[in-house]
Amino acid sequence: MRNLNDHLKKTFCPGLTDTDGAGIEKNGMTLKWRKDLYGHTDHIFTVAISPDNKFALSAGEDRTVRYWDLEKEESVKIFEGHGWIVNSVVFSSDGNIAVSGSDDRTLRIWDLKMKVRKHILETGEGPITSVALSSDDNFTLCGTRDHLLDYHDIRTGELLHVLKGHKNTVSSVAFTSDGKIGLSASWDKSIRIWDLEKGKYLRSIEGHDGYIYCMALSNDCKHILTGSGDKTLKLWDFETGKCLRTYNGHVGRIKGVALSQDGKLALSASQDCTVRLWDVETGECLAITELHKDEVNCVAISPDGTLAISGGNDNTVRLWDIVKT
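My numbering puts the first residue of the sequence shown at 1, with every later residue one more than the last.
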């Protein structure tokens, strides 16, 4: 397969309903377009916002990781070196380090202060589709196209465990806040929970009718949000595995999801070319943006809950203010 997002040859985008791309407002909340950030020369598959809300990262099919100053709304650095598509990038807890994972089967660690590459970690287990960094910044969890998860100590480069069980591409991974438990979502339509210290499978959560493309874990580790090829988002209880709510409205595959730190708001990105803002508790869609001209693959919410960022197949990173009206 060419890349994680399993693109259709023909772009699927419904007719737009708003002429300027601004959010469609409901219930006093909306997404207001702020700025387009240009520079990528191909599809964007991953975005992230720094812990201090001041910087962003983006990466994708052009094999670069781009570092953005959100206050100046400009590129700070272009990190090059990956040999193939970059599918995932994350910030460290202090915002000084970035970790990127690629179809070239490597993890690359970047020093954002010095703006240089620190080192390369060869995984060897298959093209990397997703990366998570533990809260103490010492460990990485990587999902691969080979249906496996790699658990590394990035201080030493040691591969601690290879986790097996998924039957298709692992599309998204996450750590619990204590770093002891890992989560993975897959095209096999399941979420798996892992004991990372022992390298053991604990349990599965299932319920989607299509591939799971994306996943977000709430800050309090009580809820899991997933997006699927069945065009729905689902909210799950982490402990029981029960589906608490299904969010309908997208008319294309859901490729990216994000949760606000307080767990009250969610973002979704879709093949239908929209980004949607949701009230997590009620399930209501609060805003729809239609400025992207092609599939939207990824979204992120700033830690302070005031900014959203999206990226997609139109090669553009878009900034949105999350505001009350």
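Beta carbons: idealized from backbone N, C-alpha and C, even for Gly.
Can you tell me which of the three DSSP states Thr289 falls into?
Secondary structure at Thr289: strand, using DSSP grouped into helix, strand and coil.
Where Lys234 and Ile205 are concerned, what is the direct C-alpha to C-alpha distance, given to the nearest angstrom?
11 Å
Straight-line gap, Thr229 to Gly312 (C-alpha atoms, nearest Å)
It should be noted that the sequence gives Gly, not Thr, for residue 229. Answer to the nearest angstrom: the Cα atoms are 16 Å apart.
Burial state of Asp104, where buried means 16 or more other Cβ atoms lie within 10 Å:
Buried, since its Cβ has 16 or more Cβ neighbours within 10 Å.
Rounded to whole angstroms, how far is the Cβ of Thr274 from the Cβ of Ile254, which I believe are closer than 8 Å?
The pair is not a contact, with the Cβ atoms about 10 Å apart (cut-off 8 Å).
Gly263 - containing beta strand (DSSP E), residue span
Note, Gly263: premise wrong, no beta strand (DSSP E); not H, not E.
Which runs of the beta strand (DSSP E) at least 3 residues long sit entirely within the region 75 to 129? Give them in chain order.
86 to 91, 97 to 102, 106 to 111, 116 to 122
Does DSSP classify Arg145 as helix, strand or coil?
coil
DSSP state of Glu206 mapped onto helix, strand, coil
strand
For Arg318 and Thr240, what's the separation of their Cα atoms in angstroms?
36 Å
Between which residues of its own chain and Asn53 is the CB-CB distance below 8 Å, once the five residues before and five after are set aside?
Leu70, Ser302, Pro303, Asp304, Thr306, Leu307
Gly187, DSSP secondary structure in three states
Looking at the sequence provided, one finds Trp at residue 187 rather than Gly. It is coil, neither helix nor strand.
Completely contained alpha helix (DSSP H) runs for the region 190 to 253, where each covers 4 or more residues:
none
Over the uninterrupted beta strand (DSSP E) stretch that includes Tyr67, give me the two end residues.
65 to 69
Pull up the distance between the alpha-carbon of Arg34 and that of Leu202, whole angstroms please.
43 Å
On the DSSP letters alone, give me the boundaries of the beta strand (DSSP E) that Glu73 sits inside.
Where Glu73 is concerned, there is no enclosing beta strand (DSSP E), given that its DSSP letter is neither H nor E.
Can you name, in chain order, every residue of its own chain whose Cβ lies under 6 Å from the Cβ of Ser50, other than the five neighbours on each side?
Phe91, Gly95
Candidates His292, Lys242, Ser88, Ile78: closest to Lys115 by CA position
Ile78
Comparing alpha-carbon positions, which option in Ile212, Val280, Gly256 lies nearest Gly263?
For Gly263, the nearest C-alpha among the options comes from Val280.
Inter-residue CB distance, Leu225 and Thr30 (contact presumed, cutoff 8 Å)
No, Leu225 and Thr30 are not in contact; Cβ-Cβ is about 20 Å, not under 8 Å.
By alpha-carbon positions, which one of Gly210, Gly256, Ser100 ends up nearest to Tyr67?
Ser100
Tell me which residues share the same chain as Ala22 and place their Cβ nearer than 7 Å to its Cβ, disregarding the 5 neighbours each side in the sequence.
Its pLDDT being 46, under 50, Ala22 is placed unreliably in this model, and the value from its coordinates should be taken loosely. Within the same chain, Ala22 has close Cβ partners Lys32, Trp33.
Tell me Phe139's beta-bridge partners as DSSP assigns them.
Asp153
Which value, in whole angstroms, describes the spacing of the CA atoms of Lys189 and Ile120?
31 Å
Can you give the Cα-Cα distance for Leu277 and Ala300, rounded to whole angstroms?
Rounded to whole angstroms, the separation of the alpha carbons of Ala300 and Leu277 is 11 Å.
Please identify the residue among Asp321, Val323, Glu197, Val296 whose C-alpha is closest to the C-alpha of Ser310.
Val296
How long is the line joining the alpha carbons of Glu158 and Ser130, rounded to whole angstroms?
Answer to the nearest angstrom: the Cα atoms are 18 Å apart.
According to DSSP, is Val280 helix, strand or coil?
coil
Candidates Ser186, Arg117, Leu133: which alpha carbon is nearest His147's?
It is Ser186 whose Cα lies nearest to the Cα of His147.
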